[in-house]
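J.: Take this structure first; my questions come after.
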Amino acid sequence: MGVLESSAGAHSDSVDGPIAILVDDDTEVRDSLQELLNSVGIDSISFSSTQEVLDAELPDRPACLVLDVRMPGLSGLDLQQLLLTKGIQTPVVFLTGHGDIAMSVQAMKAGAVDFLTKPVRDQTFLDAISAAVNADIARRAAATVSRKTMALYET
69 MGVLESSAGA HSDSVDGPIA ILVDDDTEVR DSLQELLNSV GIDSISFSST
119 QEVLDAELPD RPACLVLDVR MPGLSGLDLQ QLLLTKGIQT PVVFLTGHGD
169 IAMSVQAMKA GAVDFLTKPV RDQTFLDAIS AAVNADIARR AAATVSRKTM
219 ALYET
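Laid out in structure tokens, this is it:
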């Protein structure tokens with residue numbers, strides 16, 4: 069697995085801003101979302117499958133995952149569960165054209181920040197990205213405080 073695995077508890081001294089990691093098998097959707105994110109100054113990387121993102125070396129900086137639910141191979145919901153079992157806490161926003169209540173409940177119970185349906189309003193999508201990235205920034209800050217506190221007790 070790429071950096072997602074190693075960054076679960078890692079501290080980032082990166083001065084780079086947050087990044088949205090888009091995973092959708094529809095090229096037009098990925099391109100459209102990247103254009104939207106870039107238009108408001110948010111970096112993004114896109115992948116056409118969950119396996120591609122698992123194999124990738126991703127930057128260690130505040131991030132969120134934007135996952136389509138239904139994709140060939142490992143689904144977005146399956147990826148969310150896999151990351152949870154590995155202790156990876158990158159916030160997830162689901163974006164799907166084929167969602168139902170059961171899927172939404174499953175995703176939210178597993179910790180998703182939001183579950184959006186396609187087509188989605190630009191501002192709704194950007195608000196979800198903002199909430200997810202802010203959650204990751206807060207998680208990373210808390211981890212830093214925890215490490216510093218533990219280091220004080222070890223000395």
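Under my numbering, the first residue of the sequence shown carries the number 69, and numbering increases by one thereafter.
C-beta atoms are modelled at their ideal positions from N, C-alpha and C, and glycine is treated no differently.
#1: Identify the continuous beta strand (DSSP E) that holds residue 87 and give its terminal residues.
#2: By the 10 Å Cβ neighbour count, where 16 or more other Cβ atoms means buried, how is residue 144 classified, buried or exposed?
#3: Judging by CA-CA distance, which residue of 148, 198, 204, 161 is the nearest neighbour of residue 183?
#4: Can you give me the C-alpha to C-alpha distance between residue 171 and residue 134, rounded to a whole angstrom?
#5: Could you have a look at residue 113 and say whether DSSP puts it in helix, strand or coil?
#6: Among residues of its own chain, excluding the 5 on either side of residue 176, which ones have a beta-carbon nearer than 7 Å to its beta-carbon?
#7: Taking the straight line between their C-alpha atoms, what separation do you get for residue 207 and residue 180?
#8: Taking the alpha-carbon positions, what's the residue 147 to residue 222 distance?
#9: Residue 114: buried (16+ other C-beta within 10 angstroms of its C-beta) or exposed?
#10: Less than 7 Å separating the beta-carbons of residue 153 and residue 131?
T.: Quick answer:
#1: Run containing residue 87: 87-91, per the beta strand (DSSP E) assignment.
#2: Taking a 10 Å sphere around the C-beta of residue 144, we find 16 or more other C-beta atoms and assign the residue as buried.
#3: When each option's Cα is compared against that of residue 183, the closest is 161.
#4: Note on geometry: alpha-carbon atoms of residue 171 and residue 134 lie some 15 Å from one another.
#5: Looking at residue 113 - three-state DSSP - the assignment turns out to be strand.
#6: Excluding five sequence positions before and after residue 176, the CB atoms of its chain that fall closer than 7 Å to its own CB belong to 183, given in chain order.
#7: Distance from the CA atom of residue 207 to the CA atom of residue 180, rounded to whole angstroms, is 14 Å.
#8: Roughly 36 Å separates the two Cα atoms.
#9: Burial state of residue 114 is buried, judged by a 10 Å Cβ sphere holding 16 or more other Cβ atoms.
#10: With respect to residue 131, residue 153 sits apart: the two C-beta atoms are not nearer than 7 Å.
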